[in-house]
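Peer 1: From first to last, the protein sequence lines stand for chains A and B.
Numbering-wise (my numbering), the first sequence opens with residue 78 and increments by one.
Numbering-wise (my numbering), the second sequence opens with residue 61 and increments by one.
Even for Gly, the Cβ is constructed at its ideal location relative to N, Cα and C.
None of the values given here were measured: they were computed from a predicted structure.
Encoded as structure tokens, here's the structure I'll be asking about.
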Amino acid sequence: AQTVTQSQPEMSVQEAETVTLSCTYDTSESDYYLFWYKQPPSRQMILVIRQEAYKQQNATENRFSVNFQKAAKSFSLKISDSQLGDAAMYFCAYRSRNTGKLIFGQGTTLQVKP
Amino acid sequence: GAGVSQSPSNKVTEKGKDVELRCDPISGHTALYWYRQRLGQGLEFLIYFQGNSAPDKSGLPSDRFSAERTGESVSTLTIQRTQQEDSAVYLCASSSDRVSYEQYFGPGTRLTVT
């Protein structure tokens, strides 16, 4: 069975600085998707960025980028120029190619200090 | 258009009572998912509906949990004889088709069992 691990329960960053959130996963599959979701106190899950395992190029969405290391089964999220609105819980998630269900890590709470 | 909606937003029930949670997916979305999120934890997959296919119930924690979906619209998650450990936020998500990798989440229902 696939598992997702986020080893940092809490992280903090100064506004305008850069922070990296870690995620590792375990799978025997070769084709899958990886995601980072943001969950603010409103509970609304928001998709931040996604990566397809067969693509070697790291995904980027504005200030958010990932470092995808397939052999190491690592998928970290880098947030550049952190903003107060980035404060939230961040979840890493895995999805097999042939099924829709997402497997989530335990989450990292990000605090942004003004 | 409208996003995924869930009702009620909050539900308090006594131990041993049955509860029904409702999810209205985005119109036209064929896939619908239920997840459970315990306090401070990641999301756990419960059940997944895809069109007319048999649902994937592999995440349901016990036979007290069941879910139905009417065609490609509303879904109801039912928990019978609720226990205190059922207290959690129940999140619903929908996506446009099986191979679509983006799930759109509702705001969740916070269930408290006293």
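Can you tell which of A:Cys100, A:Gln116, A:Met166 has the C-alpha that lies nearest to the C-alpha of Val143 of chain A?
Peer 2: Against the first sequence, residue 143 of chain A aligns to sequence position 66. Nearest option by C-alpha distance: A:Cys100.
Peer 1: Measure the alpha-carbon distance for Ala153 of chain B versus Ala149 of chain A and round it to whole angstroms.
Peer 2: By one-based count along the second sequence, residue 153 of chain B stands at place 93. By one-based count along the first sequence, residue 149 of chain A stands at place 72. Roughly 30 Å between the two C-alpha positions.
Peer 1: Which class does Glu145 of chain B belong to by DSSP, given the choice of helix, strand or coil?
Peer 2: Residue numbering aside, residue 145 of chain B sits at position 85 when the second sequence is read from its first letter. Helix at Glu145 of chain B.
Peer 1: Can you name the residues of chain A whose CB is closer than 7 Å to the CB of Val149 of chain B?
Peer 2: If you number the second sequence from 1, residue 149 of chain B lands on position 89. Ordered by position in chain A, the residues that pass the 7 Å Cβ test against Val149 of chain B are Arg120.
Peer 1: Look up Gln188 of chain A in the DSSP assignment and give the residues it is bridged to.
Peer 2: Taking the first sequence and counting its residues from 1, one reaches residue 188 of chain A at position 111. Note: Gln188 of chain A sits in a beta bridge opposite A:Ser89.
Peer 1: Could you name the residues of chain A that Ser155 of chain B contacts, counting a contact when the two beta carbons are closer than 7 Å?
Peer 2: Position 95 of the second sequence, counted from the start, is the residue given in the question as residue 155 of chain B. In chain order: Gly177.
Peer 1: Would the beta-carbon of Pro167 of chain B fall within 7 Å of that of Gln121 of chain A?
Peer 2: Taking the second sequence and counting its residues from 1, one reaches residue 167 of chain B at position 107. Taking the first sequence and counting its residues from 1, one reaches residue 121 of chain A at position 44. Yes, Cβ-Cβ distance for Pro167 of chain B and Gln121 of chain A is below 7 Å.
Peer 1: If we define contact as Cβ-Cβ less than 7 Å, is Leu154 of chain A a contact residue for chain B?
Peer 2: Within the first sequence, the letter at position 77 stands for residue 154 of chain A. Residue contact check for Leu154 of chain A against chain B: no CB pair falls below 7 Å.
Peer 1: Do Gln128 of chain A and Phe141 of chain A come within 7 Å of each other at the CB atom, strictly closer than that value?
Peer 2: Residue numbering aside, residue 141 of chain A sits at position 64 when the first sequence is read from its first letter. Residue numbering aside, residue 128 of chain A sits at position 51 when the first sequence is read from its first letter. No, the pair does not count as a contact, with Cβ atoms beyond the cut-off.
Peer 1: Do you know offhand how far Val173 of chain B's Cα is from Ala148 of chain B's?
Peer 2: Position 113 of the second sequence, counted from the first residue, corresponds to residue 173 of chain B. Position 88 of the second sequence, counted from the first residue, corresponds to residue 148 of chain B. Each residue's alpha carbon lies about 9 Å from the other.
Peer 1: Could you tell me whether the Cβ atoms of Ser91 of chain B and Gly177 of chain A are closer together than 7 Å?
Peer 2: By 1-based counting over the second sequence, the position of residue 91 of chain B is 31. By 1-based counting over the first sequence, the position of residue 177 of chain A is 100. Reading off the sequence shown, one finds Ala at residue 91 of chain B, where the question assumed Ser. Taking 7 Å as the Cβ cut-off, Ala91 of chain B and Gly177 of chain A qualify as a contacting pair.
Peer 1: Residues of chain B with a CB under 8 Å from the CB of Gln183 of chain A: which are they?
Peer 2: The residue you call residue 183 of chain A lines up with position 106 of the first sequence. What Gln183 of chain A touches in chain B: Gln101, Gly102.
Peer 1: Less than 6 Å between C-beta atoms, sequence neighbours within five positions excluded: which residues of the same chain meet that for Glu13 of chain B?
Peer 2: Because chain B is modelled from 61 through 174, residue 13 of chain B falls outside the range shown and cannot be assessed.
Peer 1: Where DSSP assigns a beta bridge to Asn175 of chain A, which residues make up the other side?
Peer 2: Taking the first sequence and counting its residues from 1, one reaches residue 175 of chain A at position 98. For Asn175 of chain A, which the question treats as bridged, DSSP gives no partner whatsoever.
Peer 1: Mapping DSSP to helix, strand and coil, what is Asp123 of chain B?
Peer 2: Mapped onto the second sequence, residue 123 of chain B falls at position 63. It is coil, neither helix nor strand.
Peer 1: How about the stretch 158-165 of chain A and the stretch 79-95 of chain A: do they share at least three Cβ pairs that are nearer than 8 Å?
Peer 2: Contact between the stretch 158-165 of chain A and the stretch 79-95 of chain A is present: 3 or more CB-CB pairs across the two stretches fall below 8 Å.
Peer 1: Rounded to the nearest angstrom, how far is the Cβ of Ile86 of chain B from that of Tyr164 of chain B, given a contact under 8 Å?
Peer 2: To locate residue 86 of chain B, count along the second sequence from 1; it is residue 26. To locate residue 164 of chain B, count along the second sequence from 1; it is residue 104. Confirmed, about 6 Å.
Peer 1: Closest to Thr104 of chain A by C-alpha separation, out of A:Ser173, A:Thr185, A:Gln134, A:Thr186, would be which residue?
Peer 2: Taking the first residue of the first sequence as 1, we reach residue 104 of chain A at position 27. Ranking the options by Cα distance to Thr104 of chain A, first place goes to A:Ser173.
Peer 1: Compile a chain-ordered list of the residues in the stretch 110-142 of chain B whose CB is closer than 9 Å to at least one CB of chain A.
Peer 2: Gln110, Asp116, Ser118, Gly119
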